[in-house]
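In terms of numbering that gives the first Met the number 0, the sequence shown opens at residue 0 and continues consecutively.
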Amino acid sequence: MSFFKRLKDKLTGNPTEEEKVVAINEEEAAEQKQDEATEPAQIEATVDEVEKIEEVSETETPVEIKDQEQQEMQEVAVVEEPVKEKKPSAWSITQKFKAGLEKTRNSFTSKVNDLVARYRKVDEDFFEELEDLLLQADVGFETVMELMDKLRFEVQRKNIKDTNGIQTIISEKLVEIYEQGEEDLIELNMQPKGELTVILFVGVNGVGKTTTIGKLAHRLKSQGKTVVLAAGDTFRAGAIDQLQVWGDRVGCEVIKQSEGSDPAAVMYDAIRAAKNRNADVLICDTAGRLQNKVNLMNELEKVHRVISREVPNAPHEVLLALDATTGQNALVQAQTFKEATNVTGIVLTKLDGTAKGGIVLAIRNKLHIPVKFVGLGEKMDDLQPFDAERYVYGLFADGLDKELQNNED
0 MSFFKRLKDK
10 LTGNPTEEEK
20 VVAINEEEAA
30 EQKQDEATEP
40 AQIEATVDEV
50 EKIEEVSETE
60 TPVEIKDQEQ
70 QEMQEVAVVE
80 EPVKEKKPSA
90 WSITQKFKAG
100 LEKTRNSFTS
110 KVNDLVARYR
120 KVDEDFFEEL
130 EDLLLQADVG
140 FETVMELMDK
150 LRFEVQRKNI
160 KDTNGIQTII
170 SEKLVEIYEQ
180 GEEDLIELNM
190 QPKGELTVIL
200 FVGVNGVGKT
210 TTIGKLAHRL
220 KSQGKTVVLA
230 AGDTFRAGAI
240 DQLQVWGDRV
250 GCEVIKQSEG
260 SDPAAVMYDA
270 IRAAKNRNAD
280 VLICDTAGRL
290 QNKVNLMNEL
300 EKVHRVISRE
310 VPNAPHEVLL
320 ALDATTGQNA
330 LVQAQTFKEA
340 TNVTGIVLTK
350 LDGTAKGGIV
360 LAIRNKLHIP
370 VKFVGLGEKM
380 DDLQPFDAER
390 YVYGLFADGL
400 DKELQNNED
């Protein structure tokens with residue numbers, strides 16, 4: 000299927016096969032929860048809101064209670080409207096990528112548009128300026144050189160003389176470079192039903208690791224999974240409490256010990272607890288580790304050993320959280336963690352907050368580690384599986400929209 004065809008399907012809302020499967024699984028999970036539920040489940044409700052409702056119900060008269068019940072029914076009806084939207088359409092997901100990459104697009108792509116407008120012909124001067132723009136977006140030197148070679152070959156092969164449609168060719172080649180012929184890059188290595196899946200999160204302090212864990216737990220729960228969290232970051236002040244807040248918000252049990260405890264001991268307790276509760280997924284937080292701290296890397300290896308001893312072949316995923324706003328520094332962190340542990344995927348946070356969104360391509364092309372999720376905002380459902388076509392569309396949305404329209408005409 001051509002790039003234009005795949006992109007058009009996603010823009011117009013035609014779901015991919017993967018999205019169809021996810022939708023079916025979520026529908027089945029929702030039906031099962033509805034049969035078992037004894038009270039409305041509103042994930043976004045905070046503990047304070049629940050306590051407030053309980054206090055009011057204890058002090059009101061029967062008439063007031065009736066009025067309150069009617070009011071609550073109206074409020075629930077209003078609240079349930081966006082809850083149904085938690086099952087996003089293909090179109091809404093595409094728009095999340097477009098909105099999340101706005102800063103990169105405004106900075107990088109506007110310059111590409113200016114470049115295309117200034118150069119009516121595709122010549123060597125055009126390629127040199129395009130090369131500089133890609134490097135400024137932190138696409139990475141190796142990736143840029145590979146892209147330039149592919150573009151020159153394609154221009155020569157198709158005998159392209161002017162810049163009309165050049166953004167489509169750039170977009171298609173970026174997708175090819177990212178995918179490199181591989182499939183199912185974003186799929187988590189989930190174990191068969193009845194077996195525990197262990198996901199280990201690693202990354203330095205301040206990258207949004209704990210927040211990402213909470214969002215991933217919410218995503219898995221919406222698919223009908225039973226999720227347990229392990230508070231393995233016992234060194235950073237407040238880290239355990241932060242994870243507990245997310246556990247309460249999402250509705251997941253958090254296994255923890257006191258601050259300063261041995262992280263490996265926490266993992267041992269968490270695995271036992273997850274097994275006893277027949278949980279589907281255990282997500283393990285770890286201490287924020289500076290890449291130049293050998294003792295912290297050794298601690299990570301110890302945690303890994305404990306997990307693999309208790310659950311064969313675990314952890315099934317080692318996800319490295321990286322802050323997209325740090326640009327090339329994120330690439331350095333990824334390289335170091337890859338050497339210390341078997342990183343299976345990247346979660347790139349704060350992609351909506353940077354103008355250097357090209358780091359996604361640099362990480363993939365240099366380290367050959369897939370970006371499995373990206374953070375496109377602060378909302379609970381703004382953690383999205385990475386999609387190469389939607390990502391590239393987010394980079395070149397304005398120009399591609401025009402080219403898509405011209406292609407249809």
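Quick reminder that beta carbons are idealized off the backbone N, C-alpha and C, glycines included. On a predicted model such as this, the values are computed, not experimentally measured, just so you know.
Residue i (DSSP reduced to helix, strand or coil)
{"i": "Gly207", "result": "coil"}
{"i": "Lys349", "result": "coil"}
{"i": "Leu399", "result": "helix"}
{"i": "Glu252", "result": "strand"}
{"i": "Glu101", "result": "helix"}
{"i": "Ile306", "result": "helix"}
{"i": "Pro384", "result": "strand"}
{"i": "Lys378", "result": "coil"}
{"i": "Val373", "result": "strand"}
{"i": "Glu316", "result": "strand"}
{"i": "Ile282", "result": "strand"}
{"i": "Lys120", "result": "strand"}
{"i": "Asp322", "result": "strand"}
{"i": "Arg151", "result": "helix"}
{"i": "Gly246", "result": "helix"}
{"i": "Ile344", "result": "Before going on, a small fix: residue 344 reads as Gly here, not Ile. It is a strand residue."}
{"i": "Pro311", "result": "coil"}
{"i": "Ala354", "result": "coil"}
{"i": "Gly393", "result": "helix"}
{"i": "Ser91", "result": "helix"}
Within 8 angstroms, strictly: CB atoms of residue i and residue j
{"i": "Gly139", "j": "Leu360", "result": "yes"}
{"i": "Leu375", "j": "Lys160", "result": "no"}
{"i": "Glu153", "j": "Ile176", "result": "no"}
{"i": "Asp284", "j": "Val226", "result": "no"}
{"i": "Lys110", "j": "Leu132", "result": "yes"}
{"i": "Tyr392", "j": "Lys102", "result": "no"}
{"i": "Leu399", "j": "Gln179", "result": "no"}
{"i": "Ala230", "j": "Lys192", "result": "no"}
{"i": "Ile358", "j": "Asp148", "result": "no"}
{"i": "Leu330", "j": "Leu100", "result": "no"}
{"i": "Val370", "j": "Leu347", "result": "yes"}
{"i": "Leu215", "j": "Leu173", "result": "no"}
{"i": "Glu127", "j": "Val143", "result": "no"}
{"i": "Thr340", "j": "Val201", "result": "yes"}
{"i": "Ala238", "j": "Pro262", "result": "no"}
{"i": "Leu228", "j": "Val244", "result": "no"}
{"i": "Ile270", "j": "Glu298", "result": "no"}
{"i": "Pro311", "j": "His303", "result": "no"}
{"i": "Ile92", "j": "Gln332", "result": "no"}
Buried/exposed call for residue i, threshold 16 Cβ in 10 Å
{"i": "Met266", "result": "buried"}
{"i": "Gly207", "result": "buried"}
{"i": "Ala236", "result": "exposed"}
{"i": "Tyr390", "result": "buried"}
{"i": "Val121", "result": "buried"}
{"i": "Ser221", "result": "buried"}
{"i": "Gly213", "result": "buried"}
{"i": "His367", "result": "exposed"}
{"i": "Gly246", "result": "buried"}
{"i": "Asn364", "result": "buried"}
{"i": "Thr45", "result": "Note that Thr45 has pLDDT 39, beneath the 50 cutoff, so the model's placement of it is unreliable and the number below is only indicative. Counting Cβ neighbours within 10 Å, Thr45 comes out exposed, since fewer than 16 surround it."}
{"i": "Ala396", "result": "buried"}
{"i": "Gln327", "result": "exposed"}
{"i": "Lys355", "result": "buried"}
{"i": "Val293", "result": "exposed"}
{"i": "Asp232", "result": "buried"}
{"i": "Ala323", "result": "buried"}
{"i": "Ala113", "result": "The sequence given here places Asp at residue 113; Ala does not occur at that position. Burial call: exposed."}
{"i": "Gln155", "result": "exposed"}
{"i": "Asp240", "result": "exposed"}
{"i": "Glu338", "result": "exposed"}
{"i": "Ala387", "result": "buried"}
Selected residue, minimal CA-CA separation from residue i, among the options
{"i": "Phe336", "options": "Asn277, Gln327, Leu347, Val317", "result": "Val317"}
{"i": "Gly344", "options": "Phe234, Glu130, Ile362", "result": "Ile362"}
{"i": "Phe234", "options": "Glu194, Glu258, Thr142", "result": "Glu258"}
{"i": "Asn204", "options": "Glu309, Ala320, Val249, Arg119", "result": "Ala320"}
{"i": "Tyr118", "options": "Arg156, Asn275, Gly164", "result": "Gly164"}
{"i": "Glu186", "options": "Leu219, Glu338, Glu194", "result": "Leu219"}
{"i": "Ala272", "options": "Leu195, Ala339, Gly287, Val331", "result": "Leu195"}
{"i": "Asn105", "options": "Met379, Ser260, Gly352", "result": "Gly352"}
{"i": "Lys224", "options": "Phe107, Arg156, Gly250", "result": "Gly250"}
{"i": "Phe125", "options": "Ile92, Thr162, Gln241, Arg304", "result": "Thr162"}
{"i": "Glu171", "options": "Asn158, Leu150, Gln155", "result": "Leu150"}
{"i": "Lys378", "options": "Thr210, Ala116, Lys157", "result": "Thr210"}
{"i": "Val305", "options": "Leu199, Phe372, Gln332, Asn275", "result": "Leu199"}
Within-8 angstroms CB hit, residue i to chain C
{"i": "Ile185", "result": "No chain C appears in the structure shown, which is made up of a single protein chain."}
Along the chain, which unbroken stretches of the alpha helix (DSSP H) at least 4 residues long are found entirely within the stretch 156-191? 165-178
Pick out the complete beta strand (DSSP E) segments inside the stretch 193-237, 3 residues or longer, and give them in chain order. 196-201, 226-230
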